[in-house]
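Take a look at the structure set out below.
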Amino acid sequence: MAEKWIAPSILSADFARLGEEVEAVVAAGADLVHFDVMDNHYVPNLTIGPLVCAALSKHLRGAGIDVPLDVHLMVKPVDRLIPEFAAAGASFVSIHPEATEHLDRSLQLIRSEGCRAGLVLNPASPLTWLDHVLDKVDLVLLMSVNPGFAGQSFIASTLEKIAAARRIIDASGRDIRLEVDGGIKVDNIGRIAKAGADTFVAGSAIFASSDYRATIDAMRREIAGAAK
Ligand code: DX5
Ligand code: ZN
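According to the numbering used here, the sequence shown holds residues -5 to 222 in order.
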């Protein structure tokens, strides 16, 4: 199984101090930085775009910090923004199938821009979206809340979906990460790991805690415990 990665979502960071906040979570052990892009159209919220991504990449480069940016695009239409996020320093770019007219083309576009491609499935979106594009994805991201807001509760039925996605990925023999996003806390991350996830997004659980390192360490202990 792939190395386990924890991806703090900056949606719950203090945006007035974004550079410092990201430096702090990376120093606390973050493996990826999850960057939530919302457009008030595909989802009912409005957040940040490529300008902020580019500024953050530049800030991190200046500080000598090399951490992959995991960009989660909740925007429709999505294609025009893919090259902009690639130029802004994204490592992973993940898209929702309902946000593009031509999923296969959009996934190819992400890779052609030099990024790793992610397919994001909402709680009610079936795993059959993977049937014909598994060769074009580097990451499957299962939403365990409906996208749009931080701080929602984990939808329990996602655990079975994670296990089913794990079986599909393993059967394919491909190198594809399985990420889960929404409502992940210290007290449920072990179950999520046990179901088969290898990459864990957590926003409020990390940024609302007083000690980022203690929270990330506690999450890692739970993940390690789940492997036993
Ligand atoms: C929700 C976003 C998530 C969100 C997670 O639409 O995609 O990444 O920031 O926040 P928590 O961990 O607080 O549920
Ligand atoms: Zn997200």
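Idealized CB from N, CA, C, for every residue including glycine. Everything numeric in this text was worked out from a predicted model, so none of it was measured.
Query	Result
Bridge partners for His66 per DSSP, in chain order?	Asp30, Ser88
On a CA-only basis, which of Lys179, Thr94, Ala218 is nearest Thr209? Give me that one, please.	Lys179
Here's the rule I'm using: 16 or more other beta-carbon atoms within 10 Å means buried, otherwise exposed. How should Phe148 be labelled?	buried
Does the Cβ of Ile0 lie closer than 7 angstroms to at least one heavy atom of the ligand DX5?	no
Specify, as a first and last residue, the run of the beta strand (DSSP E) that Phe201 falls within.	Run containing Phe201: none in the beta strand (DSSP E); it sits in the alpha helix (DSSP H), 198 to 201.
Flag Leu26 as yes when its Cβ comes closer than 7 angstroms to any non-hydrogen atom of the ligand DX5, and as no otherwise.	no
Within this structure, are the beta carbons of Ala189 and Lys(-2) separated by less than 8 angstroms?	no
What residues are listed by DSSP as bridge partners for Leu103?	DSSP lists no partner for Leu103.
Can you have a look at Leu40 and say buried or exposed, based on whether 16 or more other CB atoms are within 10 angstroms of its CB?	exposed
Taking the Cβ atom as the reference point for each residue, do His66 and Asp175 lie within a distance shorter than 8 angstroms?	yes
Measure from the alpha carbon of Leu135 to the alpha carbon of each residue in Thr193, Cys109, Arg99, Val37, then state which is nearest.	Thr193
Cys109: which of Ala191, Tyr36, Ala202, Asp64 sits nearest, CA to CA?	Asp64
Near Val72, which residues of its chain fall below 7 angstroms by C-beta distance, leaving aside the five closest residues on each side in sequence?	Ile89, Ala93, Thr94, Ser100
From this set, Val37, Ala80, Leu50, which residue's C-alpha is nearest Ala10's C-alpha?	Leu50
Leu153 to Leu113, Cα distance in whole Å?	18 angstroms
Using the Cα positions of Glu15 and Asp33, report the straight-line distance between them to the nearest angstrom.	23 angstroms
Return the residue from the list Ala202, Ala81, Lys130, Leu121 that minimises the CA-CA distance to Arg160.	Leu121
Which residue from Val195, Ala118, Val19, Ala150 puts its Cα closest to that of Asp30?	Val195
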